[in-house]
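Numbering (the UniProt record's numbering), first residue to last: 1 to 174.
Following this line, the structure appears as structure tokens:
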């Protein structure tokens, strides 16, 4: 089995699952990754919400085995002066993947963001395989086409979804 590095755009995956009425159980997800890939690195990229519940969640992730990359959540006004919360990790994921390029043969990217298309193409020129995990209608056509494999996360939902009675603090980002 080839060594793999996993990069999780937490907001992208969490919002996709939530839009379909379910939440990711990150312990189950980590176990699924370990059982399907030879994991060398699992990066979890998320905004820092600065609440005690979110800090507990981040501690849980770290203990589970995730490598956390966080930054403060930005509050900005859009053109209509509506408040938006934002914390993009495209650059951090891209830089992280390129810094680790000699440590993996397979990149597993949890995101549907078309901004990662250039990264995927670059990794493939280096002989890397790229697997994109996202959700139908939440993944760009470019990512599906440029990846070596696309996994619709709803196909593994039974293996990675949280149970309805579970405490959200240990299964979600907010």
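The beta carbon of each residue, even a glycine, is placed where N, CA and C say it ideally should be.
Using beta-carbon positions only, say whether residue i and residue j come within less than 8 Å of one another.
i	j	result
residue 106	residue 131	yes
residue 160	residue 25	yes
residue 44	residue 67	yes
residue 78	residue 115	no
residue 30	residue 64	yes
residue 41	residue 5	yes
residue 141	residue 152	no
residue 37	residue 95	no
residue 203	residue 126	The requested residue 203 does not occur in the structure, where the chain is confined to residues 1 to 174.
Return the first residue and the last residue of the beta strand (DSSP E) that residue i is part of.
i	result
residue 133	129 to 134
residue 106	106 to 110
residue 80	Where residue 80 is concerned, there is no enclosing beta strand (DSSP E), given that its DSSP letter is neither H nor E.
Once you ignore the five residues that flank residue i on each side, which residues in its own chain have a CB closer than 6 Å to its CB?
i	result
residue 134	112
residue 148	129, 130
residue 150	132, 144
With DSSP as the reference, identify every bridge partner of residue i, one or two as the case may be.
i	result
residue 67	43
residue 150	132
residue 5	41, 107
residue 161	24
Identify which residue in the options has its Cα closest to the Cα of residue i.
i	options	result
residue 119	138, 137, 99	99
residue 49	29, 43, 10	10
residue 88	69, 101, 79, 150	69
residue 47	22, 14, 41, 21	14
residue 72	62, 51, 82	51
residue 27	8, 61, 20	61
residue 3	19, 35, 56	35
residue 154	7, 8, 1, 19	19
residue 7	80, 56, 92, 127	92
Excluding five sequence neighbours on each side, which residues of the same chain lie with their C-beta closer than 8 Å to the C-beta of residue i?
i	result
residue 12	110, 111, 112, 113, 134, 138
residue 178	For the chain, the structure presents residues 1 to 174; residue 178 sits outside this window and is missing.
residue 1	37, 38
residue 32	156, 159, 160
Quick one: what's got a C-beta closer than 7 Å to residue i's C-beta in the same chain, skipping five residues either side?
i	result
residue 124	130
Where do the ends of the alpha helix (DSSP H) carrying residue i lie?
i	result
residue 114	Residue 114 -> no alpha helix (DSSP H), and no H or E assigned at all.
residue 13	10 to 19
residue 177	Residue numbering for the chain in the displayed model covers 1 to 174; residue 177 lies beyond these limits and cannot be assessed.
residue 92	90 to 99
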